[in-house]
Every structure is written in C-alpha cells, then in structure tokens.
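Working notes, structure below.
In full-length UniProt numbering, the protein residues as written are 1 to 717.
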C-alpha cells in the first residue's frame, strides 16, 4: 500500500496525472486522508473537464473529513464552488445511501428524459417502461407466458421454494409440468449465456425445483373478481384449454371444459412419455384448476356427444382449444404400405395402453420434440417386442430396460443439421446415452415395400441452402446420393395441423377454410362473435409454453367481450432497494448438472431426470444475474470521476455520451459517444449490456448509483 501511494505521489509530481488516477482507482473507495489527498490532487492536475474539478472537490472534502490538514484541499473546494451554478448539480443535496434511498420515495415522475423509467417509484405503464422490461429481462421477454423468472430464481436462492412455485403458478399455470418438458425459450435468451459470459441459467430445472420443494400442497389461487354470471365453454383440455379455463375462472366466469378422451390433459397425457412426465404431476396441477370451480367433462366428443352450435347457444362464449391432431403425413411413393405411422398416433397408443406393435428396425423421421419422444419410446418398446441377442444384451438390467435389447434397432433421421433441430438442451445427449443413432442431412424420398408392407426407406443426402420463411436453411438434395435403409416400422414426426373435421353445418362454412384451417379474425378471435380460439388450434403446432401464453391472451379477449371493457392491465412495478444480494463471485459459479437414473432402470415408466437437490437448486439459482434490477447513475450526484467506467466488466455497459437520441414515445433510440472528455454530457449505464454485477456501485465514491427492482405485474384496472 505504502509503495503504491509513493508511486502515485511520484506520478503527480512529474505531471503524469492520468497514470496517477488509474493507479489510485485500483484501491477502490478511499478510507483515509492520505489516499483522498492524492486522488484530489491527481484529478485537479488532470483537469480534463469540469467533472475533474468537482471530483477533486469531493475527494478534498473527504480528505478533510478524515483529518487532512493540507491547505490545498480547501483551495480545491473553493475553486470547485465557483463552477456549481453553471453545472446545475448540487453535490450536497442527496440523502440517499449506496444502492438506494433511506426511505421509500414517493411515486413521482422521473426528473429527466434519460432516466430509464417514467417513474422513480410505484406503478408505471408508459412505452419506455415496457421497453425497459423487454430489453432488460430477456428471459421473461422470451417466455410466451411472461413468467417472472428473476423473481422466482431469487426466491429459490433465498430458500423460499413455495414462493417460487406460486410465482410460476400465477404466470405459467403448470410449473411442475413445464419444469420437466418446457421448450425453454428463456434459456436461449438468458443474459448469462451471452458470448463470453458462460452457460445460461438452468431456468427450466429450477422451475421444477420450485414445484418439487414448494408445490407439494395444492394451491387455491385468489380470484381477480367475484362471479360475473357469465358462462364459457372450452373445447379441449390440453394446456391451452386448461390455461384459458383457469384464467377465465380467475376473472369470475363459470367455465366448463369438454374433452373427448377419458382423462384431461391433452398432449401432456397423450403425446409426452411417462418417463419424461409422470402422470401424477399432471393430475395434481389440473386439480388446482378444478379447485377454482372449473368443470371438466371427459368422453365428450363435440359433434357426437354435444354439438358446437348447441354449446354456442347455451354459453356466453366458446373457446376452441382442440390442439393439432391432424397428422402431416409425407406424401411419398409407397405411402400406403403397412408399417408407416404418424408419431403422435404411436405415442398416444403407447401412453394409453403401455404397448403397441412395433418392428425390429424402427426409423424415426423428424428433428423435434416428437421425434425424440418417438425414438426413446420405441427403444423401450423393443425390450418387449424384439428377440434379445444374447451377445449384445445387458442381462443385469431390470426387465423392460432399454439395455435388454441390442443397440441400433431404432434410428432417427433428419433432413437438416443438428443446429437446426428443435430440441431442448441435453436431449441429443440422452439419445446417445440410450444408444439411438442420429443421422442428419438426409431426406426421405420413397418407401420401399414387399407384399404390401414396408421393407426399406430410400433416402438422399442433403446440403443446406438459403434460409426459408422460418429462418432455418432449407435442405437441398445432393444428386446421385440415394441409399436404402432396412425398415419395418416408420414413425413420422413431421408435424401436425388443427383438425377441424368435427365442426359441422353452418358453423363449418363460417369457421373453416377450404384447406381445413380455422378462419380467424384476430390472434384469438374467429369470424363468429362468441367463438374464440386458443393455443395450437389457432396458431398451428407449437410448444406447451407457447400454447399457454396464447391461451392467457385469449382469456383476456374473452373477458373483454363478456364485460365490455378491459379489466386487467400490465404495469411495471418499481421499488427502491439498497442492494441486490448478489456478489461478483456468483457470476463464476458453473452450471449445475441434472442427475438421471442409470440406464439399467430406464423403461417406459421410470422418470429419467430425478431433479435437483435443495442445495443444488440454490446453487443454480444464484447464477441468475437478476436482470430485473436497474442500476442508474444520478446525474445530480455524478462528479464524472470515471471510476465506474474503469470498474465496468463489459465494454458497453457504462458509456460516456455526448447525446442520447429518443423516439417520439420517449424510448431511447440511440446515442452519440463522446469523442473527448470535454464532450461528455452524461455517464450512462447501458441497461441492455449491464450484467448487474454491482462493480460500479462499489466503485462510486459519491453514492451516485441507485438500484431499483422492476417487475412486470398484471393488475385489475
């Protein structure tokens, strides 16, 4: 320490003020008179711009407060006071301490246009507020259900898994289900996964932890409004139908769900294997919806048990949420051969009966979730239907295990590359663990049969061409690369469409296009006033979380139709905080692995993923950057010392600007970087690049950086 101070003194005496500033900044906020004296002298000598004069004054005042008798300190203070009026800042006016105020501030408008939000505290609903939420909490923006991900990860880290579960339950309806099978768009957007920052937070597995440790007891949610006297019929009890039903019940409406199968759940029961999603998990979360008064009538096939026209007449509104059950079958030569099945039909039979006929060489065509489920299910079925080859089978495995059959009986074939596959992280690794080969860059061209049954399938090699409308590069056939693969079962995981065949009569003419798709009005409405559509039935095949997000929006539109007004609105809730509870070391904690059961126990019913332990869930949750915290420099307190700039971990998280540019609605459109120190009009935290590490707060010598927590909430109007 003494040597460093001596070096700084020498630099100042030789006129190397910039070097002295850089050296002294390494010490962090000063705590004795000698250090404060040197910093004041270094900034006074550098004198880049008015900010240096005021920085010198601040440290001169601190030096005197620590007992300095150096007369130069008083001279620096007097010199700075002469510049106070032109600067327009009162260096003594603030009473807030580091990271936030001593007392809760009133709900007041933000004093300057460059402040990130429209209010300093309270509920805000201006465009800039929602822009901040969208740009600064990328995981929540990516979640179709707008789940408060930082909120529930904070709760998990604090050990409050019950609170974490309730946050999830409020936002995405099926936390325990989604914690196992969500498509995880949030993780792709996670700031922690940005280049150079490591792996995304395991948001999905953390959601499961919230359910495992905080969702054991049924939760009865509080309704927004009392009974409305309005009734709504929902057709389909998949995630979209049930999510819409729950939201409508919370809004006070009487809801009845009609399901053609003998149990509710839709694709949760029919399309997802038990080894990924245990059925008691589904039943428990559906039970929480029924507890709100939602009635579910099973074995009710519309058009047979009850008619759509009849339901429309009997209810104030009807929501169509029948999913996508019409298979997209590849129209190739030989399509009529026996042994060719659609993947969802195959999964439905296995999930309902626990068995199905399957051949010895199974070819799965596709590169998404259904393809993975088909392949892993077929692999397990082989244990019961394929004759075991003694030299390859593992006879130590339990009966029904995937290790009781030879490798290579099931294969997945996909026409694009691995990068274009729509699967969740870790799914391909599980495919490999279960000895299921994956062949990419191949496209099916013809089914080859014998005696009316599939015998082989002809593929052609592909290469990737230009991107299509979905952004993925299109596969292009490679001439002369055809080859045949033996196959006695083909499972087509090639997508599916809404099945509108059950809509009949005049309603069919109104609601259904010639190609079988629903004729829609807006995103959730149809051309008939009382009839709405939710989830995949409206949008086409998507993920569970997308269907839930769409259903929530649909419920709002139904409510507005029934009541004649918008009764819910989204707001940004802004709260002052003193600290985030994070320390920099948390940024370097590694991704926590999910534990799985051994291969010897993998069959049709044993759940493969076993979940985090309690402490592991907290270890993972602490990795979250907590992007719902807003760090902002108070320009009335900033002395332009550049300490925060020197402490910043990323190139663009704190910027020295000459100008901010705005859109007409007040949102920031861009900025001009200051070319010289004299051009600096604002030191500004670029919220989008900020990783909430708190280094700037620790470095600031005048407590000019405040922290606020910002959350998106839905509230009654």
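Cβ coordinates follow ideal geometry from the N, Cα and C atoms, glycine included.
Handout entry: residue 377 versus residue 673: straight-line alpha-carbon distance, rounded
Key = 57 Å
Problem - alpha helix (DSSP H) segment containing residue 132, residue limits - result: 127-136
Practice task
Give me the Cα-Cα distance between residue 40 and residue 576, rounded to the nearest whole angstrom.
Solution key: 31 Å
Exercise for the section: Check each candidate in 661, 507, 537, 44 and name the one with the smallest Cα separation from residue 307. Expected result: 507
Practice task
With a threshold of 16 other CB atoms inside 10 Å of the CB of residue 264, please say whether the residue is buried or exposed.
Solution key: buried
Exercise for the section: Keeping to the same chain, check which residues put their C-beta closer than 8 Å to that of residue 662; ignore five residues upstream and five downstream. Expected result: 113, 668, 669
Practice task
Return helix, strand or coil for residue 551, following the three-state DSSP convention.
Solution key: helix
Practice task
Would you kindly report the start and end of the unbroken beta strand (DSSP E) that includes residue 719?
Solution key: Past the edges of the chain, shown from 1 to 717, lies residue 719, and the structure says nothing about it.
Exercise for the section: Could you check what DSSP says for residue 383 in three-state terms: helix, strand or coil? Expected result: Unreliable positioning characterises residue 383 in this predicted model, as indicated by a pLDDT of 45, which lies under 50. The coordinate reading is nonetheless provided below. Note: residue 383 maps to helix in three-state DSSP.
Exercise for the section: Please go through the region 309-358 and give each complete alpha helix (DSSP H) segment of 4 or more residues, from N-terminal end onward. Expected result: 343-353
Exercise for the section: Out of 421, 182, 150, 595, state which residue places its alpha-carbon closest to the alpha-carbon of residue 470. Expected result: 421
Practice task
Give me the Cα-Cα distance between residue 676 and residue 657, rounded to the nearest whole angstrom.
Solution key: 10 Å
Handout entry: Close beta carbons around residue 59, own chain, < 6 Å, minus the five adjacent residues each side
Key = 36, 39, 40
Practice task
Identify the continuous beta strand (DSSP E) that holds residue 474 and give its terminal residues.
Solution key: 473-477
Handout entry: C-alpha gap between residue 321 and residue 237, whole angstroms
Key = 7 Å
Exercise for the section: Could you give the DSSP three-state label for residue 171: helix, strand or coil? Expected result: helix
Handout entry: Proximity of residue 686 and residue 653 at Cβ, strictly below 9 Å
Key = yes
Handout entry: Cross-strand partners of residue 306 (DSSP beta bridge)
Key = 302
Problem - Secondary structure of residue 561, DSSP reduced to three states - result: helix
Handout entry: Continuous alpha helix (DSSP H) stretch holding residue 7: start and end
Key = 2-13
Problem - CB contact below 9 Å: residue 218 versus chain B - result: As a matter of chain content, chain B is missing from the structure shown, which is built from one protein chain.
Handout entry: Sequence-distant residues of its chain with Cβ nearer than 6 Å to residue 131 (five each side left out)
Key = 667
Problem - Option in 631, 714, 273 with minimal Cα separation from residue 695 - result: 631
Exercise for the section: With distances taken Cα to Cα, identify the nearest neighbour of residue 267 among 612, 543, 552. Expected result: 543
Exercise for the section: Give the range of the beta strand (DSSP E) segment to which residue 569 is assigned. Expected result: 568-577
Problem - Cβ neighbour criterion (16 or more within 10 Å) applied to residue 298 - result: exposed
Practice task
Can you grab the Cα-Cα spacing for the pair residue 565 / residue 151, in whole Å?
Solution key: 30 Å
Exercise for the section: Spatial neighbours of residue 610 within its chain, please: CB distance less than 7 Å, with the 5 preceding and 5 following residues excluded, ordered by chain position. Expected result: 595, 596, 597
Problem - Three-pair Cβ contact test at 8 Å for the region 250-263 versus the region 140-154 - result: no
Exercise for the section: Sort out for me which residues DSSP pairs residue 467 with in a bridge. Expected result: 473
Exercise for the section: From the DSSP output, in three-state form, read off residue 80 for me. Expected result: helix
Exercise for the section: Please report how far the alpha carbon of residue 99 lies from the alpha carbon of residue 698, in whole angstroms. Expected result: At residue 99 the pLDDT is 38, less than 50, meaning the model places this residue with poor confidence; the figure from the coordinates comes in the next sentence. Spanning the two alpha carbons is a distance of roughly 9 Å.
Exercise for the section: Could you tell me how far apart the beta carbons of residue 485 and residue 457 are, in whole angstroms, since I believe they sit closer than 8 Å? Expected result: 5 Å
Practice task
Check whether the region 228-248 touches the region 275-282, counting contact only when three or more Cβ pairs, one atom from each stretch, lie closer than 8 Å.
Solution key: no
Handout entry: Cβ pair residue 365, residue 493 closer than 9 Å
Key = yes
Handout entry: Distance CB(residue 409)-CB(residue 448) smaller than 9 Å
Key = no
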